[in-house]
Amino acid sequence: MEPTGQNLPQGNQTTLIGFILLGFSDVPDLQGFLFGVFLIIYVIILMGNSLIIIIINVDPSLRNPMYYFLGNFSSLEICYVSVIVPRMLIDLCTQNRNISFLACATQMYFFLVLGATECFILTVMAYDRYIAICNPLLYPLIMNSRMCIQLAAGCWVTGIPVHIGFTYQIFSLPFCGSHQLNHFFCDVPPVLQLACGDTFMAEMLIYVVAVLVVTIPFMLIFGSYVKIISTIMKLPSVTGRAKAFSTCSSHLMVVALFFGSGIISYLRPKSSHSTGMDKFLSLFYTIVTPVFNPMIYCLRNKDVMVALKKFLSKWIVL
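Under the working numbering, think of the first position of the sequence shown as 91, with each following residue one higher.
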């Protein structure tokens, strides 16, 4: 009889066939409820971001750099949650929590690449607002269509080579002892906890990548908004100040939600890690933030609301 995933021999774990994602197995009575909640959230994320993409493409008034990057951001959010949520729903529904070694590495890789892309796109969106508010006369020259395409392409591809090496480094480690992954997806900290031997290099790489991908973009965004707020406060018109703040407030809220949870999760000391807190923070930046993003950008942006009403009125009439 084949040994099950629960009682594999403790010897050579470098040839693991996979891990067991424990997920939310510690609350067995809530499996059906959690499945329903996460399914509804996933559908909302898909519909909300798809609607934003459609509106931006069909409404001529939204064909400018700010909404071009917002369209990219919404496309990214769909990809980002689709790396994690469908697998989590399958686990909750079937209770088959086994994930192959290759599938785990693939999920981690795409999660890291898309997470890095999100950091970069949020930075580019801040740069776009900085040029629009601080250098309005040069805005059409600087943020031309070619520059927008180059910036967006750079955001999508920059993280690819970095995270190939990073993921390879993590999964090159020997894994011994338990192969039960106490998480709902293959995130870096819980996978690293199962590794044996010297993990110092991998842990240092986490901090290096986190600084390059999270901290530096966050500081660039922070610096941009210091300049933006300083410029806005100098505007003579109260109406002008209010309009300028309104175009930035939604982006600032998304940045605070995403970067706040990401920095706390990856840059806090290893000694302060706990399974419950790790799962909570992961839920926050993988599911909660993406579900709020379409609402934030729609409800707090007058141009998007006007375009949405026009779009819905056409469909209602049809």
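Every residue, glycine too, gets a C-beta built ideally from N, C-alpha and C.
Because the structure is a prediction, the values reported are computed rather than measured.
Grouping DSSP H, G and I as helix and E and B as strand, with all else coil, what is residue i?
| i | result |
| --- | --- |
| residue 185 | coil |
| residue 201 | helix |
| residue 370 | helix |
| residue 227 | coil |
| residue 274 | coil |
| residue 288 | coil |
| residue 151 | helix |
| residue 327 | coil |
| residue 398 | helix |
Shortest alpha-carbon distance to residue i belongs to which of the options?
| i | options | result |
| --- | --- | --- |
| residue 166 | 397, 383 and 399 | 383 |
| residue 238 | 217, 191, 403 and 283 | 217 |
| residue 374 | 294, 400, 318 and 345 | 345 |
| residue 276 | 178, 159 and 125 | 178 |
| residue 388 | 380, 379 and 398 | 398 |
| residue 231 | 279, 295 and 154 | 154 |
| residue 283 | 295, 305, 269 and 274 | 269 |
| residue 377 | 117, 131, 124 and 120 | 131 |
| residue 296 | 280, 340 and 245 | 280 |
| residue 220 | 208, 318, 168 and 372 | 318 |
| residue 325 | 272, 205 and 226 | 226 |
| residue 41 | 348, 392 and 192 | Any answer about residue 41 is impossible in this case: the structure gives the chain only from 91 up to 408. |
| residue 186 | 278, 158, 109 and 156 | 109 |
| residue 252 | 320, 199, 235 and 286 | 199 |
| residue 158 | 118, 235 and 370 | 235 |
| residue 246 | 206, 301 and 271 | 206 |
| residue 204 | 401, 403 and 162 | 162 |
| residue 126 | 342, 140 and 175 | 175 |
With respect to the alpha helix (DSSP H) encompassing residue i, which residues constitute its N-terminal and C-terminal limits?
| i | result |
| --- | --- |
| residue 125 | 121-148 |
| residue 307 | 306-323 |
| residue 253 | 235-261 |
| residue 267 | Taken as a continuous stretch (DSSP letters only), residue 267 belongs to no alpha helix (DSSP H), as it is neither H nor E. |
| residue 117 | Unbroken run through residue 117: none, as it is neither H nor E. |
| residue 162 | 155-172 |
What residue range is occupied by the uninterrupted beta strand (DSSP E) comprising residue i?
| i | result |
| --- | --- |
| residue 109 | 108-111 |
Could you give the distance in angstroms between the alpha-carbon of residue i and the alpha-carbon of residue j?
| i | j | result |
| --- | --- | --- |
| residue 164 | residue 266 | 40 Å |
| residue 335 | residue 184 | 47 Å |
| residue 263 | residue 190 | 16 Å |
| residue 313 | residue 254 | 30 Å |
| residue 112 | residue 257 | 21 Å |
| residue 213 | residue 260 | 27 Å |
| residue 303 | residue 194 | 22 Å |
| residue 330 | residue 210 | 28 Å |
| residue 320 | residue 286 | 51 Å |
| residue 128 | residue 233 | 38 Å |
| residue 289 | residue 197 | 21 Å |
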